[in-house]
Amino acid sequence: MDQIIIQARVRNEQGKQVRKFRRQGLIPAVLYGKKTENKNLWINDKEFRKAYLEAGENTVVQLKIENGDQANVLIYDIQRNPLSGNFSHIDFFKIRMDEKIETEIPLEFVGEAPAVKEKGGTLVKNMNEIAVKCLPADLPSELKVDLARLKTFDDYFKVKDLKVSDKVELILDGETIIALVTPPRSEGEMMELNQKVEEDVTKVEGIEKKEKKEEKEKA
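At position 88 of the sequence shown the residue is numbered 87 (numbering that gives the first Met the number 0), and the sequence of numbers has no breaks.
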């Protein structure tokens, strides 16, 4: 894959001026890292969306600043407007290609678990990403979890079952369980669960009636 490039320009505006540039389709951002002076930047929204869709948060991208500076970075953090979902701020973390870094890699669950399909069990995912340590150039875009290994309720997919390059170190213990399948509830368990729910509802109704009665007596 060709290296992804994100264009940026220096941001000097603050306060109310920021809103003006947001309306012009620019996103405020900051660049920081070890032995690096923080730089406030503007990023074009449309260009960033395209780059982020391709790179995500665990692919090295090249940040090119209009003043001629450039840096290899990770998209370390993004913030979105809770109402519109639009990007509201971006953090870029500058890295050195000759230094190992630790970051989270997403897990991609592939296939179907026979214990779910044939035995009616429920798939349980204990994590959706995993911490790794390696050189930036060796970062995998994702790691696959093959659910076909889960044939019975006694089968587990563990960290040690992930297929990774010998250049990538997994931070978690190899015996850590990533996914498993739990057996379906028996009729007795379902009846007991329904009874418990009904009892809880009755208790809540009883409390509400008691509170209304007390309020009425006080009135």
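Glycine residues also receive a C-beta, built at the ideal position from the N, C-alpha and C atoms. This structure is a prediction, so every number in the text was calculated from the model and none was measured.
Does the segment 161-180 come into contact with the segment 117-133, if we say contact requires no fewer than three beta-carbon pairs (one atom in each stretch) closer than 8 Å? The segment 161-180 vs the segment 117-133: in contact.
From E117, L146, K166, pick the residue whose C-alpha is nearest to that of P135; which is it? Here residue 135 refers to the residue found at position 136 of the sequence shown. Comparing Cα-Cα distances from P135 to each of E117, L146, K166, the minimum goes to K166.
Using a Cβ-Cβ cut-off of 7 Å (strictly less than) and excluding sequence neighbours within five positions of A50, which residues of its own chain qualify? For the purposes of this step, residue 50 is taken as residue 51 along the sequence shown, with counting starting at 1. Excluding positions up to five away in sequence, the list reads I3, I5, V60.
Quick check on L82: buried or exposed, where buried means 16 or more other Cβ atoms within 10 Å of its Cβ? For the purposes of this step, residue 82 is identified with residue 83 of the sequence shown, where counting begins at 1. So L82 counts as exposed.
Spatial neighbours of E174 within its chain, please: CB distance less than 8 Å, with the 5 preceding and 5 following residues excluded, ordered by chain position. Numbered from 1 along the sequence shown, position 175 holds the residue referred to as residue 174. Closer than 8 Å at the Cβ level, and outside the excluded window around E174, lie K157, V158, K159.
Under a three-way DSSP split, which group does A54 fall into? The count along the sequence shown starts at 1 and reaches residue 54 at position 55. Of the three classes helix, strand and coil, the one that applies to A54 here is helix, per DSSP.
Quick one: what does DSSP say K15 is sitting in, helix, strand or coil? Walking along the sequence shown from the start, residue 15 turns up at place 16. K15 falls in the helix class under three-state DSSP.
Where the alpha helix (DSSP H) containing A70 begins and where it ends: Mapped onto the sequence shown, residue 70 falls at position 71. No alpha helix (DSSP H) holds A70; the beta strand (DSSP E) holding it covers 69-79.
Residues bridged to K45 by DSSP? What you label residue 45 is simply residue 46 of the sequence shown in a count that begins at 1. Answer is none; K45 lacks a bridge partner.
Please list the terminal residues of the continuous beta strand (DSSP E) segment that includes P27. Start at 1 with the first residue of the sequence shown, and residue 27 comes out as number 28. Element bounds for P27: 25-32.
Is it right to say R10 is buried, meaning 16 or more other beta carbons lie within 10 angstroms of its own, or is it exposed? On the sequence shown, position 11 is the one that residue 10 refers to. Under the 10 Å beta carbon count, R10 is surrounded by 16 or more other beta carbons and is classified as buried.
Examine the Cβ distances between the segment 92-110 and the segment 14-26 and report whether three or more of them are shorter than 8 Å. Result no; under three Cβ-Cβ pairs closer than 8 Å.
Do the CB positions of L142 and L161 come within less than 8 Å of each other? Here residue 142 refers to the residue found at position 143 of the sequence shown. Here residue 161 refers to the residue found at position 162 of the sequence shown. For L142 and L161, yes; Cβs fall inside 8 Å.
Based on Cα-Cα distance, which residue from K99, V109, L169, T35 lies nearest to I129? Taking the first residue of the sequence shown as 1, we reach residue 129 at position 130. Selected option, being the one with the closest Cα: L169.
I'd like the list of long-range same chain contacts for C133, defined as Cβ closer than 7 Å, with 5 residues on each side in sequence excluded. Within the sequence shown, the letter at position 134 stands for residue 133. By the criterion of a C-beta distance shorter than 7 Å, C133 is surrounded in its chain by K99, K166, V167, E168, once the five residues flanking it on both sides are discounted.
V109, buried or exposed, once every other Cβ within 10 Å from all chains shown has been counted against 16: Translated into the one-based positions of the sequence shown, residue 109 becomes position 110. Exposed is the call here.
By DSSP, does Q6 sit in helix, in strand, or in coil? Indexing the sequence shown from 1 puts residue 6 at position 7. Q6 carries a strand assignment under DSSP once its states are collapsed to helix, strand and coil.
Just the C-alpha distance for K89 and N127, rounded to the nearest angstrom, thanks. If you number the sequence shown from 1, residue 89 lands on position 90. If you number the sequence shown from 1, residue 127 lands on position 128. In the sequence on display, residue 89 carries Ile and not Lys. Distance between the alpha carbons of I89 and N127 is about 22 Å.
Cα separation between K209 and N43? As a working mapping, residue 209 is identified with position 210 in the sequence shown. As a working mapping, residue 43 is identified with position 44 in the sequence shown. With a pLDDT of 49 at K209, under the threshold of 50, the predicted position of this residue should be treated as unreliable, though the coordinate-derived value follows. The alpha-carbon separation between K209 and N43 amounts to approximately 60 Å.
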